[in-house]
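Student:
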Amino acid sequence: MQDSIVNYTNLMKLFLREAKKLIAVLPKGSIRETNAALKRFLETESLRRWYNALYMHLLKITEFESLLNKISSRLQFKGLNKKGLNNDEVKNLRYELLSLFLDCCGKYSEAEPYADTSADYRIRLYKLRRRPEAPVGQWQSLDD
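Numbering of the sequence shown is given in the working numbering, commencing with residue 47 and proceeding in unit increments.
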């Protein structure tokens with residue numbers, strides 16, 4: 047990941063490149079459907095506006111994460127259960143894709159608390175691939 051990515055278009059290119067690496071480990075028939083669902087999600091949500099607000103320091107990273115938590119249920123992979131994935135694997139995929147997006151946005155918006163404390167996503171991805179039984183991620187509300 048490069049430090050020169052500041053605009054949303056370049057960020058999305060990087061995010062989709064990294065997401066394809068994550069999606070590539072899925073069963074063969076589900077890759078196309080997953081890519082289509084992810085692109086549909088990115089087109090329908092107003093993520094560009096949120097990223098720009100984060101980049102201009104109008105949003106804090108915790109507020110940005112809270113917004114992502116609220117729309118996480120809209121990222122749906124309806125047909126993956128028919129392709130051989132169980133519900134836990136689908137939830138884990140959704141969690142990892144949204145974590146990747148948050149990681150990319152947090153690093154390149156130079157959000158101060160995020161840049162210093164976040165674990166590198168590639169390390170988590172490496173651990174996920176080494177260990178086939180990855181735990182299901184849980185999104186928690188930051189409002190409490």
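Backbone N, C-alpha and C fix where the C-beta goes; we use that ideal spot for every residue, glycine too.
Under a CB-based cut-off of 7 angstroms, is K59 close to chain C?
Tutor: This model lacks chain C altogether; it includes just one protein chain.
Student: Please name the residue, chosen from D149, K153, L143, C150, that lies closest to K66 on a Cα-to-Cα basis.
Tutor: Nearest of D149, K153, L143, C150 to K66, Cα basis: L143.
Student: With H, G and I counted as helix, E and B as strand and the rest as coil, what does DSSP make of K74?
Tutor: helix
Student: Comparing alpha-carbon positions, which option in L93, L84, S76, I117 lies nearest N53?
Tutor: Looking at the Cα atoms, L93 is the closest of the given residues.
Student: What does a CB cutoff of less than 8 angstroms around L68 pick up in its chain, not counting 5 residues either side in sequence?
Tutor: L139, E142, L143, L146, L171, listed in sequence order.
Student: Short check: CB of V136 to CB of L126, under 7 angstroms?
Tutor: In this structure, L126 lies closer than 7 angstroms to V136 by Cβ.
Student: Assuming F110 contacts C151 (C-beta within less than 8 angstroms), just tell me the rounded distance between them.
Tutor: 7 angstroms
Student: What is the DSSP secondary structure of G130, counted as helix, strand or coil?
Tutor: coil
Student: Could you give the residue range of the alpha helix (DSSP H) that holds E91?
Tutor: E91 -> no alpha helix (DSSP H), and no H or E assigned at all.
Student: Taking the alpha-carbon positions, what's the F61 to K153 distance?
Tutor: 12 angstroms
Student: Helix, strand or coil for L62 per DSSP?
Tutor: helix
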